[in-house]
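Protein chains in written order, with the numbering used here: chain U, 1 to 112; chain E, 1001 to 1117.
To start, the structure under review is shown below, and the notes come after it.
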Amino acid sequence: SQQGEEDPQALSIQEGENATMNCSYKTSINNLQWYRQNSGRGLVHLILIRSNEREKHSGRLRVTLDTSKKSSSLLITASRAADTASYFCATAAYNQGGKLIFGQGTELSVKP
Amino acid sequence: GAVVSQHPSWVICKSGTSVKIECRSLDFQATTMFWYRQFPKQSLMLMATSNEGSKATYEQGVEKDKFLINHASLTLSTLTVTSAHPEDSSFYICSAGGVSGSYNEQFFGPGTRLTVL
Chain U
1 SQQGEEDPQA
11 LSIQEGENAT
21 MNCSYKTSIN
31 NLQWYRQNSG
41 RGLVHLILIR
51 SNEREKHSGR
61 LRVTLDTSKK
71 SSSLLITASR
81 AADTASYFCA
91 TAAYNQGGKL
101 IFGQGTELSV
111 KP
Chain E
1001 GAVVSQHPSW
1011 VICKSGTSVK
1021 IECRSLDFQA
1031 TTMFWYRQFP
1041 KQSLMLMATS
1051 NEGSKATYEQ
1061 GVEKDKFLIN
1071 HASLTLSTLT
1081 VTSAHPEDSS
1091 FYICSAGGVS
1101 GSYNEQFFGP
1111 GTRLTVL
């Protein structure tokens, strides 16, 4: 079953703008991960944030985690046309053997 | 990160036939592998968790007799879609699990596109 919800479902921006995607989940987690998927392709792991972390950066990516609200956000700064893809959050709960539950995803379109 | 391969990358079959998809971890031993299904414009749905040497654990609503999973070695898991029907057409993605630090990490394969005519 899907645990997470993401919003927006679709986002269209111009190159150079920032893109923010949000993810909410329902149960306690060990960590939350963000993935990118280009159309018809496999997943690319972007970043992992542990439950005891609040913010994490990787290049143009910034992820926040609020466990009290059971939500996370992914910010892509200075977006590029190559960032066009679907973005998914996935949560891993404790004692679940690493099983990931994916959110519904946000389809990002960056126009040149 | 570790490399996971899937074979075939795409397959077209007739309704009623069975299709086997292989998932291999190329440079590490994976005690656990996961199988996901993704319909167009939708997210990944976990189908089952496969542990080497034991029976797979299927998610609710997934027919274990239709989706046969075998994890005979630490580097290979197979998913067989038996008596495939057009509604089984989907993108099937596997991942191999490892342990890194304090958390379980998954490495995803490139996916297999199944089309059932």
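Beta carbons are placed, not taken as given, at the ideal position from N, Cα and C, and that holds for glycine.
Here the structure is a predicted model, which is why all the values come from computation and not from measurement.
Check the DSSP bridge columns for lysine 1020 of chain E and list the partner residues they point to. Position 20 of the second sequence holds residue 1020 of chain E. Note: lysine 1020 of chain E sits in a beta bridge opposite E:Thr1080.
Taking the alpha-carbon positions, what's the valine 1062 of chain E to aspartate 66 of chain U distance? Sequence index remark: in the second sequence, residue 1062 of chain E carries index 62 (1-based). Sequence index remark: in the first sequence, residue 66 of chain U carries index 66 (1-based). Their backbone Cα atoms lie some 32 Å apart in a straight line.
With a CB to CB cut of under 6 Å and the five nearest residues on each side skipped, what residues in its chain are close to lysine 1014 of chain E? For the purposes of this step, residue 1014 of chain E is taken as the residue at position 14 of the second sequence. Same-chain partners within the cutoff: Leu1117.
Within 10 Å of its beta-carbon, does alanine 1030 of chain E have 16 or more other beta-carbons around it, so buried, or fewer, so exposed? The sequence position of residue 1030 of chain E within the second sequence is 30, counting from 1. Label assigned to alanine 1030 of chain E: buried.
For glutamine 1042 of chain E, which residues from the same chain have a beta carbon less than 6 Å from its beta carbon, with the 5 sequence-adjacent residues on both sides left out? As a position in the second sequence, residue 1042 of chain E is number 42, starting the count at 1. Result list for glutamine 1042 of chain E: empty, nothing under 6 Å.
Distance between glutamine 33 of chain U and lysine 56 of chain U (C-alpha atoms, nearest Å): Reading the first sequence from its first residue, position 56 is the one you call residue 56 of chain U. Reading the first sequence from its first residue, position 33 is the one you call residue 33 of chain U. Lysine 56 of chain U and glutamine 33 of chain U: Cα-Cα distance of roughly 11 Å.
Do we get a CB-CB distance below 8 Å when we pair glutamine 1106 of chain E with the residues of chain U? Numbered from 1 along the second sequence, position 106 holds the residue referred to as residue 1106 of chain E. Cβ-Cβ to chain U under 8 Å: yes for glutamine 1106 of chain E.
Candidates E:Tyr1058, E:Asp1027 and E:His1085, of which the one nearest serine 1005 of chain E by Cα: The count along the second sequence starts at 1 and reaches residue 1005 of chain E at position 5. The option with the nearest alpha carbon to serine 1005 of chain E is E:Asp1027.
Please classify alanine 82 of chain U: does DSSP put it in a helix, a strand, or coil? Here residue 82 of chain U corresponds to residue number 82 of the first sequence, with the count starting at 1. It is helical.
Identify the contact partners of glycine 59 of chain U in chain E, using a Cβ-Cβ distance below 9 Å as the criterion. Locating residue 59 of chain U in the first sequence gives position 59, counting from the first residue. Ordered by position in chain E, no residue passes the 9 Å Cβ test against glycine 59 of chain U, which lies about 16 Å from the chain.
Roughly how many angstroms lie between the CA atoms of asparagine 18 of chain U and leucine 43 of chain U, to the nearest whole one? The sequence position of residue 18 of chain U within the first sequence is 18, counting from 1. The sequence position of residue 43 of chain U within the first sequence is 43, counting from 1. Going by the C-alpha atoms only, they are around 22 Å apart.
Starting from the C-beta of asparagine 22 of chain U, find all residues in its chain whose C-beta is less than 6 Å away, skip the five residues before and the five after it, and write them out in chain order. Position 22 of the first sequence, counted from the start, is the residue given in the question as residue 22 of chain U. For asparagine 22 of chain U, where only same-chain residues beyond five positions count, the Cβ hits under 6 Å are Asp7 and Ser73.
Give a yes or no on whether 8 Å exceeds the smallest Cβ distance from phenylalanine 1034 of chain E to chain U. Residue 1034 of chain E sits at position 34 when you count from the first residue of the second sequence. Yes, its Cβ sits closer than 8 Å to a Cβ of chain U.
Please list the residues of the segment 88-102 of chain U that have a C-beta atom closer than 9 Å to any C-beta atom in chain E, keeping them in chain order. Phe88, Ala90, Ala92, Gln96, Gly97, Gly98, Lys99, Leu100, Ile101 and Phe102
Buried or exposed (CB count within 10 angstroms, at least 16 for buried), alanine 39 of chain U: What you label residue 39 of chain U is simply residue 39 of the first sequence in a count that begins at 1. Here residue 39 of chain U turns out to be serine, not alanine, going by the sequence shown. Its Cβ having fewer than 16 others within 10 Å, serine 39 of chain U is exposed.
Which of the residues in the segment 75-88 of chain U, read from start to end, lie with their CB under 9 Å from any CB of chain E? Ser86 and Phe88
Is the Cβ of arginine 41 of chain U closer than 8 Å to any Cβ of chain E? Here residue 41 of chain U refers to the residue found at position 41 when the first sequence is read from its first residue. Yes, contact with chain E.
Any chain E beta carbon closer than 8 Å to glycine 105 of chain U: Indexing the first sequence from 1 puts residue 105 of chain U at position 105. For glycine 105 of chain U, the answer is yes, since a Cβ of chain E falls inside 8 Å of its Cβ.
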